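Novice: Start counting the sequence shown at -9; every next residue gets the next number (the working numbering). By construction, the Cβ of each residue, glycine as well, lies at the ideal position given by its N, Cα and C atoms. The model shown is predicted, which means the values in this text are computed figures rather than measured ones. There's a structure below that I have some questions on.
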Amino acid sequence: MGTEIALIFGSRACADWSFLDPIRNRVRVICADGGTRCAAAAGFSVHAYIGDSDSGGIPPEGAERVLLPAEKDLTDLQAAYEYARDRGIRCMIFTACTGGRQDHHIANLQLLEQAWRDGVDAAIWDEDNEIRYLQDGTVEIPHGQFRYFSLLPLDRTLSGVTIRGAKYNVENFSVLRGDTRTVSNETVGQPATVTVTQGAAWIIRAGRLA
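Here's what the structure looks like:
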């Protein structure tokens, strides 16, 4: 990731925030409304608050405040994303934004595609998972951080799927949306690579080990 990372908190509580320790001293913290509670629980100081306070978020003293109306055309998390993007931040981690209401959960996942279109390196982190968006490209899957990785098609067909260096490898394969063949793969002592020649997918690393 680049030199400046935005850590964007949603309002979904978490029992153990230690997965954020590796980036603790390298991030600009932006909270979407009730994300202020999560940031405080995780031990982070807040640089910016974006929201309408309908989730109980209280703008911290000293933080920049962008107050939004309750009735608007986007979620607080998207507004927080746009705040970071418009300030030139090109690396972002969303957290405290999975689980709970599934409409918000899925909308948050879809923000990864918007980030990709905007040229932003973005991921969603929680205590068990890392989620990224891949389209027409190659991604390296590091070894040792998670037990599993999965490729979940978003388009009807993923073409030219090649997985190398993993427990289960394929070469120039096609995967249909709804097919579970590319779920629960594993790295084997080294990084793996996943290539999609045509199509969009989520890459999910699951079963956090470190």
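1) How many Å lie between G33 and R55 at the Cα?
2) Identify the residues that DSSP records as bridge partners of G33: which are they?
3) Would you please state the rounded distance, in angstroms, between the beta carbons of D116 and T85? I believe it to be under 8 Å.
4) Measure the alpha-carbon distance for V19 versus Q104 and round it to whole angstroms.
5) Who are the Cβ neighbours of S153 in its own chain at under 7 Å, not counting the five residues just before and after it?
6) Quick check on G0: buried or exposed, where buried means 16 or more other Cβ atoms within 10 Å of its Cβ?
7) On the criterion of 16 or more Cβ atoms from any shown chain inside 10 Å, does P49 qualify as buried, or is it exposed?
8) Closest to F163 by CA distance: which of Q180, F139 and P143 is it?
9) So if DSSP puts Q125 in a beta bridge, which residue, or which two residues, is it bridged to?
10) Roughly how many angstroms lie between the CA atoms of M(-9) and Y138, to the nearest whole one?
11) Leaving out five residues before and five after R16 in sequence, what residues of the same chain have Cβ atoms less than 7 Å from its Cβ?
Specialist: With the given structure in hand:
1) 20 Å
2) Paired residue(s): none; G33 is not in a bridge.
3) 6 Å
4) 20 Å
5) It should be noted that the sequence gives Ile, not Ser, for residue 153. The residues are N159, V160, N175, A182 and V184.
6) buried
7) buried
8) P143
9) A190
10) Note on M(-9): pLDDT 42, under 50, position unreliable in the model; no value is reported.
11) I(-5)
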